[in-house]
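K.L.:
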Amino acid sequence: MTLVDLVFRSMRKNIRHYYLYFFALIFGVTLFFIFSTLQFDGAVSGETDLSAKMTSGFKAATVLLFAILLIFVTYANDLFLTRRSREIGLYQLVGLTKRTVSRMLIIENVLLGAGAFIIGIGAGLLVSRLFLLLLLKLIGYEGTVSLSFSGAAFSQTAMLFAVLIVVTSFRMFIKVRRTKLIDLFNEDKKDEHPKQPKPVTSAILGIVGLAMMIFGYWFANSKYMLNAFLLLNMLMVLALVIVGTYLVFRVTIGWILTLYRRSRNGQIGLKGALSVAPLMHRMRANAKSLTVITTLSAMTLAMTGFAFSMYYSTGQEVRVGTPHDFMFTEREEANEPLPEELAGQFAKSLDDAGIPYNEQAITYVHTIGMFNGKHFPEILELEGRTVDVLVFDWDQLNASGLETEVPAKGEAVFHDSGLSWLLTDKTFPFDASLQSGDLKENFRVSEMGDRQVTSGYEGVTTEFVVKHDSYMKLKDAAPPESLHTVVGFNLKDKDDLKEASKLYQEINPGNTRLDYYLSYQDAISYSGIMIFITGFLGLAFLASTGSILYFKQMSEAEQEKRSYTTLRQLGFKTSEIMKGIRRKQAFVFGIPLLMGLAHSIFAIKSVSIFFTSGDIRTPVAIAMIVYSLIYLIFAVFTVGYYRKTVNDAL
Amino acid sequence: MQQDGLILEAHGVRKSFGSKQNAQEVLKGIDLRVKEGEFVGIMGPSGAGKTTLLNVLATIDRPTSGAIRIGGQETSKMKDAQLSTFRRDKLGFIFQDYNLLDTLTVKENILLPASLGGLSKKAAEAQFQDIAGILGITDHASKYPHEISGGQKQRTSAARALINEPSMVFADEPTGALDSKSAASLLGTLEDINHKRGVTIMMVTHDPVASSYCSRVVFLKDGALYSELYRGDKSPQAFFQDILNVQAVLGGDRVDAR
Chain A
1 MTLVDLVFRS MRKNIRHYYL YFFALIFGVT LFFIFSTLQF DGAVSGETDL SAKMTSGFKA
61 ATVLLFAILL IFVTYANDLF LTRRSREIGL YQLVGLTKRT VSRMLIIENV LLGAGAFIIG
121 IGAGLLVSRL FLLLLLKLIG YEGTVSLSFS GAAFSQTAML FAVLIVVTSF RMFIKVRRTK
181 LIDLFNEDKK DEHPKQPKPV TSAILGIVGL AMMIFGYWFA NSKYMLNAFL LLNMLMVLAL
241 VIVGTYLVFR VTIGWILTLY RRSRNGQIGL KGALSVAPLM HRMRANAKSL TVITTLSAMT
301 LAMTGFAFSM YYSTGQEVRV GTPHDFMFTE REEANEPLPE ELAGQFAKSL DDAGIPYNEQ
361 AITYVHTIGM FNGKHFPEIL ELEGRTVDVL VFDWDQLNAS GLETEVPAKG EAVFHDSGLS
421 WLLTDKTFPF DASLQSGDLK ENFRVSEMGD RQVTSGYEGV TTEFVVKHDS YMKLKDAAPP
481 ESLHTVVGFN LKDKDDLKEA SKLYQEINPG NTRLDYYLSY QDAISYSGIM IFITGFLGLA
541 FLASTGSILY FKQMSEAEQE KRSYTTLRQL GFKTSEIMKG IRRKQAFVFG IPLLMGLAHS
601 IFAIKSVSIF FTSGDIRTPV AIAMIVYSLI YLIFAVFTVG YYRKTVNDAL
Chain B
1 MQQDGLILEA HGVRKSFGSK QNAQEVLKGI DLRVKEGEFV GIMGPSGAGK TTLLNVLATI
61 DRPTSGAIRI GGQETSKMKD AQLSTFRRDK LGFIFQDYNL LDTLTVKENI LLPASLGGLS
121 KKAAEAQFQD IAGILGITDH ASKYPHEISG GQKQRTSAAR ALINEPSMVF ADEPTGALDS
181 KSAASLLGTL EDINHKRGVT IMMVTHDPVA SSYCSRVVFL KDGALYSELY RGDKSPQAFF
241 QDILNVQAVL GGDRVDAR
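For the protein sequence lines, the chains are A and B, in the order given.
Reading the first sequence from the start, the letters are residues 1 to 650 in UniProt numbering.
Reading the second sequence from the start, the letters are residues 1 to 258 in UniProt numbering.
1. In whole angstroms, what is the alpha-carbon distance linking leucine 38 of chain A and leucine 632 of chain A?
2. If I measure Cβ to Cβ from leucine 178 of chain B and keep anything under 8 Å in the same chain, skipping five residues before and after, which residues do I get?
3. Report yes if the CB atom of lysine 440 of chain A is closer than 7 Å to the CB atom of serine 446 of chain A, and no otherwise.
4. Quick check on DSSP: helix, strand or coil for leucine 250 of chain B?
5. Going by the CB atoms, is the gap between phenylalanine 634 of chain A and glycine 538 of chain A shorter than 7 Å?
6. What are the partner residues of arginine 33 of chain B, as DSSP defines its beta bridges?
7. If contacts are defined as beta-carbon pairs under 8 Å, then leucine 220 of chain B and tyrosine 226 of chain B qualify, I think. What distance do you get, rounded to the angstrom?
8. Under 9 Å Cβ-Cβ, which residues of chain A neighbour glutamine 146 of chain B?
9. Indicate the three-state DSSP secondary structure (helix, strand or coil) for residue 272 of chain B in the structure shown.
10. State the Cα-Cα distance for the pair phenylalanine 173 of chain A and valine 167 of chain A, rounded to the nearest angstrom.
11. Would arginine 87 of chain B pass as an interface residue toward chain A - the criterion being a Cβ-Cβ separation below 7 Å?
12. Short check: CB of proline 170 of chain B to CB of phenylalanine 86 of chain B, under 7 Å?
13. Flag this pair as touching only if the stretch 519-533 of chain A and the stretch 56-65 of chain A have three or more C-beta atom pairs under 8 Å; answer yes or no.
14. Contact check, tyrosine 311 of chain A vs histidine 484 of chain A under 8 Å by CB: the rounded distance?
15. Quick check on glycine 269 of chain A - is its C-beta less than 7 Å from some C-beta in chain B?
16. Taking only beta-carbon atoms, is leucine 101 of chain B less than 7 Å away from chain A?
17. Measuring alpha carbon to alpha carbon, tell me which residue in A:Ser563, A:Phe117, A:Gln585, A:Ala621 is nearest asparagine 647 of chain A.
18. DSSP three-state label for arginine 14 of chain B, please.
19. If you follow the alpha helix (DSSP H) that histidine 195 of chain B is part of, which residue opens it and which one closes it?
20. Would you check if the stretch 275-294 of chain A and the stretch 586-600 of chain A touch, i.e. whether three or more CB-CB distances between them fall below 8 Å?
21. For aspartate 188 of chain A and serine 169 of chain A, what's the separation of their Cα atoms in angstroms?
22. Counting only C-beta atoms, is leucine 597 of chain A closer than 7 Å to chain B at any point?
23. Is the beta carbon of lysine 143 of chain B less than 7 Å from the beta carbon of valine 106 of chain B?
24. Can you list, in chain order, the residues of its chain whose CB lies under 8 Å from that of alanine 408 of chain A, leaving out five sequence neighbours each side?
25. Could you say if the stretch 201-212 of chain A and the stretch 248-258 of chain A meet the contact criterion of at least three C-beta pairs nearer than 8 Å?
26. Pick out whichever of A:Leu70, A:Val389, A:Val487, A:Thr97 has its Cα sitting closest to the Cα of tyrosine 471 of chain A.
27. Is the beta carbon of phenylalanine 40 of chain A less than 7 Å from the beta carbon of serine 150 of chain A?
28. Could you tell me the boundaries of the alpha helix (DSSP H) in which asparagine 286 of chain A lies?
29. Taking the alpha-carbon positions, what's the isoleucine 7 of chain B to arginine 33 of chain B distance?
30. Under the three-state reduction of DSSP, which class applies to glutamate 576 of chain A: helix, strand or coil?
31. Could you name each continuous beta strand (DSSP E) segment of 3 residues or more that falls completely within the stretch 48-101 of chain B, going from the start of the chain to the end?
32. Report buried or exposed for arginine 9 of chain A, applying the criterion of at least 16 other Cβ atoms within 10 angstroms of its Cβ.
33. So if DSSP puts valine 365 of chain A in a beta bridge, which residue, or which two residues, is it bridged to?
34. So that I know if they touch, is there some Cβ in chain B lying closer than 7 Å to that of threonine 566 of chain A?
35. Can you confirm whether the stretch 72-91 of chain A touches the stretch 126-145 of chain A when touching is taken to mean that 3 or more C-beta pairs between the two stretches lie within less than 8 Å?
36. Counting along the chain, where does the alpha helix (DSSP H) carrying glutamate 330 of chain A start and finish?
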């Protein structure tokens with residue numbers, strides 16, 4: 001029997017342990033290859049006119065993917081090596097040299113890797129079209145794009161694989177070289193012995209861990225977060241939460257379980273014997289990997305939740321900056337006709353095309369304001385400073401087809417997408433006095449509108465909407481240069497937007513301007529790429545964290561097999577044993593998931609201020625539910641593996 | 001409970017391993033009766049089928065043919081789930097390598113079988129104190145198995161076997177991993193429990209010293225009963241001599257005698 005025969009035999013025997021690893025590996029290669037193809041394929045980026053955004057996005061994605069694959073593969077490989085230490089020991093016992101054994105393992109590794117590589121590339125070629133169609137759909141591109149085999153993508157993937165195989169083979173070589181025969185035989189039993197934790201130390205550290213996490217959460221959403229040290233604060237929160245998580249896994253959970261166990265006074269029953277006891281026993285050793293898994297989960301969840309929210313609320317977000325479908329404004333630099341004149345041309349072409357619309361000239365007053373309120377964020381330094389404020393007439397806005405909050409008499413509604421994310425409900429109401437010419441008027445600013453009412457001119461984004469008579473007073477007092485007019489168009493049927501956009505761009509063609517439709521297309525293609533990349537990266541992360549947990553549980557099941565045998569001999573039924581095991585799995589999978597969810601919820605909450613348009617709970621909830629469901633599939637697999645182990649135990 | 005105080009009855013028990021074409025018969029029709037309160041030792045050379053017999057009688061393994069009754073119940077006809085419940089309620093086990101759960105303390109290990117029985121917490125605690133007292137492991141109750149000696153581990157294992165007040169205890173080489181002093185002390189305790197609490201014990205051993213504590217020793221050879229010895233009123237020393245004599249004829253394990 002040659003060495004290669006031996007390799008094939010042992011691979012056939014170990015296929016049961018390998019298949020999930022193999023699958024995850026193939027998935028990684030496929031994804032890597034597809035991202036790489038999309039990154040290099042000139043046709044795609046050229047025809048979709050997204051080259052810059054896309055290429056950099058996919059480049060970042062391939063780097064991240066490479067990192068996660070490297071971590072995952074080395075980790076899984078180490079686990080398998082430990083599991084097979086007996087086998088490795090046996091080979092040496094029957095006289096194979098360490099050199100031969102490591103050569104054998106390396107051949108096996110290369111074969112496995114090459115298999116995954118070939119299947120992965122094949123699958124990548126097959127499904128890359130599907131991916132491309134999905135991507136094009138997400139970015140709202142209509143039309144066909146062909147995709148060809150990319151040599152550059154192939155060689156990049158091959159390089160990734162070469163690195164993976166070299167790294168893992170090297171680790172195998174070192175491992176075989178370093179171990180003594182006797183250790184190899186003992187490896188399975190070389191479990192850390194259970195220890196009684198020191199009560200005082202673990203109580204203190206346990207509480208500190210929890211406190212760090214909670215403090216991190218609180219701080220991230222407190223008023224102390226947004227100041228000149230924002231970046232430093234963010235790093236601090238990150239450190240607090242990660243160290244806190246580690247301590248919770250390493251100490252807190254064990255400490256709480258110890259208290260529970262002590263209260264049971266020896267009577268922990270079968271369920272406890274199969275869940276609480278082994279959990280406590282392994283928590284210390286597993287703390288590091290559980291922290292990594294939790295952090296990765298939180299990262300994935302925050303990333304996909306954020307991207308999905310962005311995609312989901314693209315329309316609303318674009319409306320914030322582009323409230324009217326089309327708009328004509330004064331533009332000094334271009335030496336072009338007055339807005340009213342251009343609006344006339346546009347109105348005519350809309351009429352010719354038979355598109356119904358609202359048209360309204362909106363004249364606003366440029367005033368100088370002073371704000372006086374108790375609850376402005378420090379970072380704004382608004383106290384005693386003057387601010388440019390544009391004042392609008394609610395009646396005019398309403399006539400243009402824009403729906404905004406109605407101001408009461410003597411009150412103003414505040415619109416400012418540049419500031420709104422910093423202000424909270426507590427900021428309102430506040431007082432403002434506006435200076436227009438020689439006239440000074442006081443307003444009570446009652447509430448905040450959710451967007452601009454025009455798209456912020458002259459670098460001024462602060463806008464007040466007031467009642468008609470207040471507006472007239474300010475307008476009459478204002479010098480002519482403080483009065484500006486824009487013309488807003490809003491279509492009655494939004495399906496006409498695309499056609500109207502074409503007409504709009506034809507007005508004074510040398511001088512392009514953005515309309516809602518174009519901004520939306522631009523934004524949706526951007527967030528479409530984001531959701532595409534984060535979605536699939538998230539899947540890759542999920543597949544690797546889930547597999548790592550599965551592998552860990554697989555080896556725990558093997559280690560505990562003897563206990564199951566004993567329990568079966570003592571007369572416990574498989575169904576009774578499985579109850580305890582299910583409870584343990586609920587902890588093993590549930591705690592990282594719940595903590596990951598909590599972390600990501602707070603992370604998203606603290607960045608949700610960037611979503612001016614309001615509610616992102618729905619998209620975040622959808623992303624989280626989908627993630628949790630896929631994650632739970634791994635838990636189900638694991639329980640299945642345990643059931644088989646328990647059944648075979650007697 | 002049953003006539004003549006019989007606790008275990010085996011008729012024509014056979015056990016084969018391997019496929020049908022290539023079956024190897026390990027037990028070749030064994031008939032055995034054990035009375036309530038007996039301390040039976042099973043001896044025989046390696047490969048005689050001692051452990052197989054114990055496993056089959058103890059319902060851990062099924063016989064290929066033959067009938068086994070324990071406490072009047074036909075165990076060979078029970079389903080798996082019934083067998084599990086029967087083992088838990090009626091039988092106790094002591095193994096050569098203790099088979100304690102590493103992650104449980106001594107007390108938790110001992111109380112494990114009581115967890116699914118109807119025993120109240122208070123009753124379980126009282127039972128634990130009682131048995132741990134007899135076996136002398138009360139002081140080690142909150143220690144983990146790796147923190148105590150082999151003898152103490154085996155006492156823990158014995159306590160676990162006794163916690164549900166079983167009708168019968170099966171012990172497979174309980175002294176196999178112990179030094180002679182711990183072995184003697186454990187056997188003395190088992191004998192004590194057998195006398196005072198009237199627990200029926202069946203013990204597989206290849207050690208004539210261990211079997212000299214029994215009230216009866218059954219010898220197996222090549223899967224069949226070879227002979228048996230009753231201790232009667234003999235002193236342990238005299239019984240030990242008798243056992244050695246049978247072993248000499250039987251051949252095999254003599255060299256193992258300590």
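Yeah, the Cβ is synthetic: ideal placement off N, Cα and C, and Gly gets one too.
P.N.:
Based on what the coordinates show:
1. 31 Å
2. Gly150, Gly151, Gln154, Leu186
3. no
4. helix
5. no
6. B:Glu9
7. 6 Å
8. Checking the sequence, you will find histidine at residue 146 of chain B rather than glutamine. Simply His193, Pro194.
9. The shown model of chain B, from 1 to 258, leaves out residue 272 of chain B, and the question about it has no answer.
10. 10 Å
11. yes
12. Strictly speaking, residue 170 of chain B in this sequence is phenylalanine, with proline absent from that position. Taking 7 Å as the Cβ cut-off, phenylalanine 170 of chain B and phenylalanine 86 of chain B do not qualify as a contacting pair.
13. yes
14. Actually they do not touch by this definition, with Cβ atoms about 35 Å apart.
15. yes
16. yes
17. A:Ser563
18. strand
19. 180-197
20. yes
21. Residue placement at aspartate 188 of chain A is flagged as unreliable, the pLDDT there being 49, under the threshold of 50; a coordinate-derived value is accordingly withheld.
22. no
23. yes
24. Ser446, Lys467
25. yes
26. A:Val389
27. yes
28. 276-312
29. 8 Å
30. helix
31. 65-70, 91-94
32. exposed
33. A:Val391, A:Leu483
34. yes
35. no
36. It is not in any alpha helix (DSSP H) - glutamate 330 of chain A carries neither H nor E in the DSSP assignment.
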